[in-house]
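Student:
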RNA sequence: GGUCCUUUCGUCUAGCGGUUAGGACGCAAGAUUUUCAUUCUUGUAACACCGGUUCGAUUCCGGUAGGGACUACCA
C-alpha cells in the first residue's frame, strides 16, 4: 500500500463559488501530491443536477490556476482515467449498484418521500436513537427485502421509481484508520442504509465517489472533516466491492471556523466582517449576488497560498512563517495537520499579504499599479510605476494600495486634509514655503539626495526646524501628511510641478 | 436528541514525560523619524476541569464540561 503511486484528487461540486474550505482541501491535496511525486487530479462531482450552477466549474478551474495549483489530470488537461466529470461517467455507476444488490450488500427500495418522512417523525416521537432507514427499521419499509423477488421484479418492470440502498450490517464494531486522527470507531447498528443510486438514474456521492476513486486508482483521500461520519460507509463499500486491498488511505482535514462566534466559516461571515471568502470574484447567476475575491481585493496569489497552508498545518519545530511554494511542497506532511478546527483570522492574512508585497520586486508590483492607474484614467509606463511602487510599498497591505497611495503623483491636490492643516500649517508656513520655492528654483540637479543636502543645509544654517518647513511642503505637494520621503516626492513630481504645487499651496491652504 | 471528532495565550500555532511552556497576528508602551508608515525594543496573555498511570505530567489513559461535524434520493 505504501509503495503505490500517490494519486490524490480534489473533487468539488459545481454548486457555486469555491469557498475557503474547498480551497484549502485543494491546496493540501496539491501539496501532498507534489511532496510525494504523485498526481493531482481534478474531478467534478456533479451528480446532483438540481444543484448545478452554470459557471461554477469554470470558476473552480480559474481559481486553482490563480492560486497556482496546477492540475495533472482533468477533462481540460487530459489523462487516462477520464472523463473526469461524473455526469459524463453516468453510464458506469448503475452496474456497480446492481453488483452490490446481486451480492446481497444492497437492495431496491420503493418508499415514497412521504413514507420516509412518516418514519422519521415516528422515530423522533419515540426518541429513538436509530436512523430512520437502517438495520432496525428496514424490514418495516417497502423494499426488495420485504417485498420478495417476484414483487420486486414486478415493480422494477412496471417502471416505478426506485433507489438502491446500502444494506448496513448489524452490530459490527468498526475501527478505521485516519492519517490525521488515528483510529475512528463506529457501530454499524447506529448507521443507516444510505441511498447509493437515485431514482433519477444518477449515483449519490457515496457510490460515485468510491467507484471513481477505485477506477482512478486514488491512493489517498484528503477531504474535509464533514466527511468523517461517512467513513464507515465508505469503508464498507470498498469491502463489499472486494476492493479493500486497494482502498485509499483517508485523511480528514479540520474545518475552517468563523473568526468570531461559532460554527463553520460561511459566505455570510465574509460579508458581515468584511473579508473575502472566495479566491476570485463570484457572482451567483441565479440571485445575482456578488462576492468579492481575494484576487480582486488585492492579495498576491502566493501570499494567499501561504496563509491558507498555515491554517491547520505547519511544518513543526520552526518559527518560519513565510514559505515559497517550493518550500511548502517539500515540507508538507499530513502528520503535521492539526486535528482541531481553526478560526479564520483576516487580520493575520493582511499581514501575510503585506509581507509578500514587501518582498515582491517593484517590476512585478508595477503591473498591478499600471492596471489600477489605467482604471483611474492614467497611463503610466513601467519604469515610473516601478519607482513609485518602491516608494510606497512599505505602506501597502493590498496591491491596490500601491496606486491609491501614489495617486497624487499624477493629480495635484484639490483639497487639503483639514486635520493635517490644523496640525502643521502655521502662521509662518507661507513665508517658509516661499523661501523654499526660491531654494528649489535654484537647484538644477533635481534629485532626491541632492535636494536633501541643499535644503537641509539651508534649514540648519538658518536655525529653522525640519518639521516647520517640510510638513507644510508635504501638505502642499500631496494634500495630506503621509507618504514617502519628501525629497523622493519632489524628485518624482519634477521641478516645475513641485514648485507649482507649493505656490498653489501658499495661496490656497488656510 | 443520537453518533463521531476535538480542546496550549483573544486568534493561528510550537511542544511528541523533566522547558523560565517558544514563535507569529493583534493589542499596549518606548526608541527611530520632517509626515504616515516601516523598522527595532519591551510588555500583554495559554496548557478547560477532575481523576488515574508515573519518581515526575501540557504531553499517556478514563471521565466531565466546552466546541465542531454529521444525522437528505446534497455534496
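In this note's numbering, the protein residues as written are 103 to 612.
Each residue gets a CB set at the ideal place from its N, CA and C atoms; glycine is no exception.
In this text the structure is predicted, and so the values were computed from the model without any measurement.
Residue ranges of each alpha helix (DSSP H) run of no fewer than 4 residues wholly in the stretch 436–519, ordered along the chain?
Tutor: 448–461, 464–477, 484–494, 501–506
Student: Going by DSSP, what residue range makes up the beta strand (DSSP E) through residue 213?
Tutor: If you number the first chain from 1, residue 213 lands on position 111. Where residue 213 is concerned, there is no enclosing beta strand (DSSP E), because DSSP gives it neither an H nor an E.
Student: I'd like to know whether the C-beta atoms of residue 162 and residue 188 end up nearer to each other than 8 Å.
Tutor: For the purposes of this step, residue 162 is taken as residue 60 along the first chain, with counting starting at 1. For the purposes of this step, residue 188 is taken as residue 86 along the first chain, with counting starting at 1. Their beta carbons are not under 8 Å apart, which means residue 162 does not touch residue 188 by this criterion.
Student: For the alpha helix (DSSP H) holding residue 123, just list the boundary residues, first then last.
Tutor: The residue given as residue 123 occupies position 21 in the first chain. If you look at residue 123, you'll find it in the alpha helix (DSSP H) that goes 122–137.
Student: In the structure shown, what three-state DSSP assignment does residue 576 receive?
Tutor: Locating residue 576 in the first chain gives position 474, where the first residue counts as 1. Of the three classes helix, strand and coil, the one that applies to residue 576 here is helix, per DSSP.
Student: Jot down the residue ranges of each uninterrupted alpha helix (DSSP H) in the stretch 330–410, minimum 4 residues, whole runs only, in chain order.
Tutor: 333–343, 369–375, 396–399
Student: Following the continuous beta strand (DSSP E) through residue 535, name the residue where it begins and the one where it ends.
Tutor: The count along the first chain starts at 1 and reaches residue 535 at position 433. Premise fails: residue 535 lies in the alpha helix (DSSP H), 531–543, not in any beta strand (DSSP E).
Student: Who pairs with residue 322 in a beta bridge, going by DSSP?
Tutor: What you label residue 322 is simply residue 220 of the first chain in a count that begins at 1. BP columns for residue 322 point to 110, 351.
Student: Taking Cβ positions, are residue 400 and residue 378 nearer each other than 8 Å?
Tutor: Indexing the first chain from 1 puts residue 400 at position 298. Indexing the first chain from 1 puts residue 378 at position 276. No, they are not a contact pair.
Student: Specify the secondary structure class of residue 548 as computed by DSSP and reduced to three states.
Tutor: To locate residue 548, count along the first chain from 1; it is residue 446. Residue state, collapsed to three classes: coil.
Student: Hey, is residue 321 close to the ligand NAD, as in C-beta under 7 Å from one of its heavy atoms?
Tutor: The model depicted lacks the ligand NAD and carries no ligand whatsoever.
Student: Is the beta carbon of residue 423 sitting closer than 8 Å to the one on residue 436?
Tutor: Counting from one through the first chain, the residue named residue 423 turns up at place 321. Counting from one through the first chain, the residue named residue 436 turns up at place 334. Cβ atoms of residue 423 and residue 436: not closer than 8 Å.
Student: Quick check on the burial criterion: 16 or more other C-beta atoms within 10 angstroms. Buried or exposed for residue 105?
Tutor: The residue given as residue 105 occupies position 3 in the first chain. Residue 105 should be labelled exposed.
Student: Could you have a look at residue 173 and say whether DSSP puts it in helix, strand or coil?
Tutor: In the first chain, residue 173 corresponds to position 71, counting from 1. Residue 173: coil per DSSP, three-state reduction.
Student: Between the C-alpha atoms of residue 579 and residue 540, what's the straight-line distance to the nearest angstrom?
Tutor: For this step, residue 579 is matched to residue 477 along the first chain. For this step, residue 540 is matched to residue 438 along the first chain. So the two alpha carbons sit approximately 16 Å from each other.
Student: Nearest to residue 172 by alpha carbon, out of 202, 532, 191, 129?
Tutor: Mapped onto the first chain, residue 172 falls at position 70. That would be 129, whose Cα lies nearest to the Cα of residue 172.
Student: Between which residues of its own chain and residue 471 is the CB-CB distance below 6 Å, once the five residues before and five after are set aside?
Tutor: In the first chain, residue 471 corresponds to position 369, counting from 1. Closer than 6 Å at Cβ, skipping near neighbours: 487, 491, 504, 505.
Student: Within 8 Å, do at least three Cβ pairs link the stretch 250–266 to the stretch 323–337?
Tutor: no
Student: Is residue 291 helix, strand or coil by DSSP?
Tutor: To locate residue 291, count along the first chain from 1; it is residue 189. Residue 291 falls in the helix class under three-state DSSP.
Student: Please classify residue 253: is it buried, with 16 or more other beta-carbons within 10 angstroms of its beta-carbon, or exposed?
Tutor: Taking the first residue of the first chain as position 1, residue 253 is located at position 151. Under this definition residue 253 is an exposed residue.
Student: Tell me whether residue 607 sits in a helix, a strand or coil according to DSSP, three-state version.
Tutor: Locating residue 607 in the first chain gives position 505, where the first residue counts as 1. Three-state result, residue 607: helix.
Student: I'd like the list of long-range same chain contacts for residue 560, defined as Cβ closer than 6 Å, with 5 residues on each side in sequence excluded.
Tutor: As a first step, residue 560 must be located in the first chain, where it is residue number 458. Taken in chain order, the residues that qualify are 541.
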